[in-house]
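Asks: Chains as they are written, first to last, in our numbering: chain V, 94 to 370; chain G, 5 to 220; chain A, 4 to 400.
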Amino acid sequence: MSLATFFEKLDRRWIFLAMGLLVLFPLLFPLALPLFVSSPVASFVKAVDSIPDGSKVLMSCDYDPSGIPEMVPMTRTALRHLLDKKCKVIITVLWNGGPGLVDKVVRKVVDEEYPDLKYGVDYVNLGYKAGDEAVMVLMGQGIVNAFPKDYRGSDTRSMPIMRGVRDYSSFPMLVNISSGYPGTKEWVQQVQARFHLPMVAGVTAVSAPEFYPYLQSGQLLGLLGGMAGAAEYEKARGEKGSATRGMDAQSLAHFFVAFCILLGNVVQWTKRRRAGA
Amino acid sequence: MKRELPLFLTAVIGIFMILSFFVPHQLVSVPADFLQQCAVIMVAFGYVLGGANVLRVNFDGIYKQKPGWIYKIVLVVALIATVVVGAVEGPGFLNPGTRSKWIYDNIYSNMSATMFALLAFFIASAAFRAFRIRTAEAGLLAVAALIVMLGRVPLSNALTGWLPEWARLQTVQEWIMEFPQNAAKRAILMGAALGVMATGLRVILGLERSYLSGED
Amino acid sequence: MRACGVPAPAPAPAAPPGVTAALVAVLFLGLIVTAAVAAPPEPPSGLVWQDVPNDAGRAVMLEWKPSPADSARRVTAYVLERATAPGGPWTFVDSVTADKHEKKDQGVRRNTEYYYRVTASGPDGLTPALSVTGPVMAKSEWFNRTRWSVLVAIAMFFAFVLWFISQAQAGKKPFVRRIPGIDAIEEAVGRATEMGRGVLFVPGIRDINDIQTVAGLVILESVARLTAKYETPITVPVTYPIPFTIAEEMVKGGYLHAGRADQYDPNSVRFISPEQFAYVAAVTGIMLRERPAAHIFMGAFYAESLLLAETGFATGAIQVAATANVHQLPFFVVACDYTLIGEELYAASAYLSGDPKLVGSLKGGDLLKIAAIIVVVVGCVLESGHIHWLTQWMVTQ
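#1: For A:A11, count neighbouring Cβ atoms within 10 angstroms of its own Cβ and tell me buried if that reaches 16, exposed if not.
#2: Any chance you could list the alpha helix (DSSP H) runs of at least 4 consecutive residues sitting entirely within the stretch 195-266 of chain A, in chain order?
#3: Which of the three DSSP states is assigned to A:H298 in this structure?
#4: I'd like to know whether the C-beta of V:S148 is nearer than 8 Å to at least one C-beta of chain A.
#5: Residues bridged to A:T136 by DSSP?
#6: Could you compute how far the alpha carbon of V:R259 sits from the alpha carbon of G:A149?
#7: According to DSSP, simplified to helix, strand and coil, what is V:R287?
#8: In the DSSP assignment, find the unbroken alpha helix (DSSP H) run with V:Y221 in it and report its ends.
#9: Assuming A:R273 contacts A:P240 under a Cβ cut-off of 8 Å, what Cβ separation, rounded to an integer in Å, is found between them?
#10: In its own chain, which residues sit with a C-beta less than 6 Å from the C-beta of A:A13, not counting the 5 before and 5 after it?
#11: Enumerated in chain order, which unbroken segments of the alpha helix (DSSP H) with a length of 4 residues or greater are wholly contained in the stretch 139-186 of chain A?
#12: Could you give the DSSP three-state label for V:K181: helix, strand or coil?
#13: Against chain V, with Cβ distances strictly below 8 Å, would G:I17 count as a contact?
#14: Name the chain G residues whose beta carbon is nearer than 7 Å to that of V:V350?
#15: Per DSSP, which residues does A:T326 bridge with? Please list them.
#16: Is A:C339 helix, strand or coil by DSSP?
#17: To which residues of the same chain is V:G334 closer than 7 Å at the C-beta, ignoring the five residues directly before and after it?
#18: Which of helix, strand or coil does DSSP assign to V:M292?
#19: Are the C-beta atoms of A:K107 and some chain V residue less than 8 Å apart?
#20: Could you tell me the alpha carbon to alpha carbon distance between A:P269 and A:E251, rounded to whole angstroms?
#21: Tell me where the alpha helix (DSSP H) around V:M152 begins and ends.
#22: Specify the secondary structure class of A:R273 as computed by DSSP and reduced to three states.
#23: Determine, using beta carbons only, whether A:C7 comes closer than 8 Å to chain G.
#24: Once DSSP output is grouped into helix, strand and coil, what is the label at A:M290?
#25: Kindly indicate which residue of A:I222, A:T122, A:P56 has the alpha-carbon position closest to the one of A:T100.
#26: I'd like the list of long-range same chain contacts for A:V164, defined as Cβ closer than 6 Å, with 5 residues on each side in sequence excluded.
#27: For G:E219, would you say it is in contact with chain V, using Cβ-to-Cβ distances shorter than 8 Å as the test?
#28: Spell out the partners DSSP gives G:G49 in its beta bridges.
#29: Would you check if the stretch 198-211 of chain G and the stretch 337-351 of chain A touch, i.e. whether three or more CB-CB distances between them fall below 8 Å?
#30: Measure from the alpha carbon of A:R292 to the alpha carbon of each residue in G:Y75, G:Q177, G:E141, G:Q174, then state which is nearest.
#31: Just by C-beta distance, which residues in the stretch 172-187 of chain G are closer than 7 Å to chain V?
#32: Does the CB of A:P277 have a neighbour CB from chain G at under 8 Å?
#33: So G:R103 and G:V80 are in contact, right, with Cβ under 8 Å, and what is the actual spacing, rounded?
#34: Exposed or buried, V:P253, counting other C-beta atoms within 10 Å across all chains shown (16 or more means buried)?
#35: Does DSSP classify A:F95 as helix, strand or coil?
#36: I need the straight-line Cα distance from A:I188 to A:S225, nearest angstrom please.
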């Protein structure tokens, strides 16, 4: 059997195995490949840096456990960035599978790295509310009206952090981390376009191309695309988190997919040449 | 009346919501806000309806012992157990230490992430099997895809970091993403937006009645 | 300049008169200097108001000139207060940092008179307000003047659509190019019938509020008619309850229109789960266990698109897909036999039904697209010539 025929008839489970090993290897033996910060990520960092210290910032984390590898590193780094600027962070979650995960991420960062911060004073998780875009519009009429109770069931009206928070005009920026619908596109359409709230976003790698028009038009001030964007953000902040570690695995995976494309075409050309001959 | 009333309501509410985009006056904005809030309530209620449907369909399958009925038992037991546990634990049901949180962290979270991770394997097999360069355009697409795929990972920095900045894979992929890709995406976005407008208009004007029932 | 109220010390007894006077003078000068440094900042001036336009009368914009002490950094904040009468009582509205000299008050009631005053606050206290401005009244507007461009576009769209519908009803049915993906649906159903297997129809994973789901369900009715005609089983797994009930009606309606109402199976439409990956696990399970010979994916899809398409490919089924989620199209293109791109999904119902009114709406959309292209080209030329009126007219608030 020729090599071309061998590859043509190859059981796809061998490809799965190769992919699995290539992803596993750098997780066990890190390659520490160099990272450069791209301009959408640099813009993201610059935009968050421009938020006045001590401001109240709205952060919407719209993802669920399927988005952990890409979204959680972005959330952690963005949260650290804001807390380092002494900002008060008000978190919402518009995915029903997300509040528990987001709460876990936020608690871990705050409890381990900012133990002096108090829930309800320096940060709050307003939790999930059903309604997708309708919730975004409702928040424009009043954040507290939209979320009378927070994720833990406490009354938001009495919280120190919510004092003086009316609607989107109470925030200098929205930091949105989203892995699908409802997410960045809906925030741009319903909130940025209507209320002109400055906005930055972290999205999945597969949907990042969709948001470049918004970045170019200025509707998004910065964009993190996938785990690569999260890793570049970590680098810009001088951190070495899970995204940076994951980039070694992603590098090998990308090269393997490129190799599969080329190999598949070589096999096809060889077959066609044989058929022609 | 069974079809006329929903059509009339659709037209009136649809036109009213379009109007609310242009008219900030309280005579329009207050009812529009109320309708938005109603939408939130209806979506929340839909989950109750969904749960009832799942139970009905699966109990029927278990009773008639259809193929895979054992898995239907697993589904029903899991659904009821999760709802009961969450209801017993009350509003803080996802606080650390609760049983619901345990279910979420150890079952739901992991299964969801696992399913998503399958994509990595399927992308590789699809790339090997189906990405065929048969025309010049497909060749151009393949070159662009390879540059963007490789340029987005740090391994490309290691390979081309020694080149002048304009020639590095990361720079080239940034250019592709910012210009040709952006232009095409914008065009598709505009076209899709017009398609949404057209379909929405058909629903509002009652030309598209399929959402009511299948009868003409 | 007012003293800070510290009493002068009693003169020391038996000191020479000249020294005493000098001491008193120095002390007095010291008090003056201290008072000068410790005094609250001068008040701001020039408080003016403006009704915020294009709203429902719930906001007023206030602006003022900074305090003279601002430049000496003796102001830390400006405090805005509001009352319904010129003499008070005053209610605190908000405070802004010293670098800001305007504030939008969004807590007013419409058509109510208010009076405002602004004071400066520094490390040494709060200065009284220089003046009160008012009466201020927020008014509700009937039209948001920044949205003219959107209104014009919608009006044009309505006009185009209604024109083509009237043309179509008068017998001039517009031409619509062939869409191979839609033509392939009948081929797919036919192949499933020949193989003695069923058809799997997936109407996307979004709820009924997404137009793609509506478009997918419309196509379902046509597919159900075909499966009824060929007596091929159809399976329709659905994510949300409302599309579930509509899908049931669509399939039932399809069977009714094909004259095979008795063959309708109520269990052909199955509610699965709104959870994305739970749904895809169930659907791939259906593909692998029941082995339908034709898969039709029509609606909104996200990350699960490749999982569905690749699993379907592995079972050897013929696959037709359509979605307007552009980022998922590459996966469908790679793994499916036919893919409808973006607007072709929305056009499918008009294409399948051939109804002149629906086809007319397609043409209206096409004409508006041509208008959009013209505006983009003209806009680019104008912007290149630093003429901004068109761009500014199209900016909305």
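The beta-carbon is built from N, C-alpha and C at its ideal position, and this holds for glycine as well. Given the structure is predicted, the values throughout are model-derived calculations rather than measurements.
Replies: Per the coordinate set shown:
#1: Low per-residue confidence applies at A:A11: pLDDT is 39, beneath 50, and the placement is therefore not dependable, though the value from the model is reported in the following sentence. It is exposed - the Cβ of A:A11 has fewer than 16 other Cβ atoms within 10 Å.
#2: List check, alpha helix (DSSP H) in window: 214-233, 244-260.
#3: Strand, per DSSP.
#4: Not one chain A Cβ lies under 8 Å of V:S148.
#5: Assignment of beta-bridge partners to A:T136 by DSSP yields A:Y119.
#6: C-alpha separation (whole angstroms): 46 Å.
#7: Here V:R287 sits in helix by DSSP.
#8: Where V:Y221 is concerned, there is no enclosing alpha helix (DSSP H), although the beta strand (DSSP E) around it starts and stops at 216-221.
#9: Distance from A:R273 to A:P240 at the Cβ level is roughly 5 Å; contact confirmed, criterion being Cβ atoms closer than 8 Å.
#10: Low per-residue confidence applies at A:A13: pLDDT is 44, beneath 50, and the placement is therefore not dependable enough to give any value.
#11: The stretch 139-186 of chain A contains, as complete alpha helix (DSSP H) runs of 4+ residues, the segments 151-172 (chain order).
#12: V:K181 falls in the strand class under three-state DSSP.
#13: Chain V contact via Cβ: absent.
#14: What V:V350 touches in chain G: I127, A128, A131, M153.
#15: Answer by DSSP bridge pairing, in chain order: A:I344.
#16: A:C339: coil per DSSP, three-state reduction.
#17: Excluding residues within five positions, the ones whose Cβ falls inside 7 Å are P166, R169, T170, E327.
#18: Strand.
#19: Yes, because at least one Cβ of chain V sits closer than 8 Å to the Cβ of A:K107.
#20: Distance between the alpha carbons of A:P269 and A:E251: 7 Å.
#21: According to the DSSP assignment, V:M152 belongs to no alpha helix (DSSP H) but to the beta strand (DSSP E) extending over 149-155.
#22: Residue state, collapsed to three classes: strand.
#23: In this predicted model, A:C7 has a pLDDT of only 27, less than 50, meaning its place in the structure is not dependable; the value taken from the coordinates is given anyway. Under the Cβ criterion of 8 Å, A:C7 is not counted among the residues facing chain G.
#24: Helix at A:M290.
#25: Each of A:I222, A:T122, A:P56 was checked against the Cα of A:T100, and the nearest Cα belongs to A:T122.
#26: In the same chain as A:V164, and ignoring 5 residues on each side of it, the C-beta atoms closer than 6 Å to its own belong to S364, G367, in chain order.
#27: With a pLDDT of 47 at G:E219, under the threshold of 50, the predicted position of this residue should be treated as unreliable, though the coordinate-derived value follows. It does not; no Cβ of chain V falls within 8 Å.
#28: According to the sequence shown, residue 49 of chain G is Phe rather than Gly. In the DSSP assignment, G:F49 is bridged to no other residue.
#29: Yes, the stretch 337-351 of chain A is in contact with the stretch 198-211 of chain G.
#30: Closest by alpha carbon: G:Y75.
#31: Against chain V - using a Cβ distance shorter than 7 Å - the residues of the stretch 172-187 of chain G are Q174, E178, M181, E182, Q185, N186.
#32: Among the CB atoms of chain G, one or more fall inside 8 Å of the CB of A:P277.
#33: Contact flag wrong, Cβ pair sits at about 19 Å.
#34: Around the beta carbon of V:P253, fewer than 16 other beta carbons sit within 10 angstroms, so the residue counts as exposed.
#35: Look at A:F95 here: in three-state DSSP terms it is strand.
#36: C-alpha separation (whole angstroms): 10 Å.
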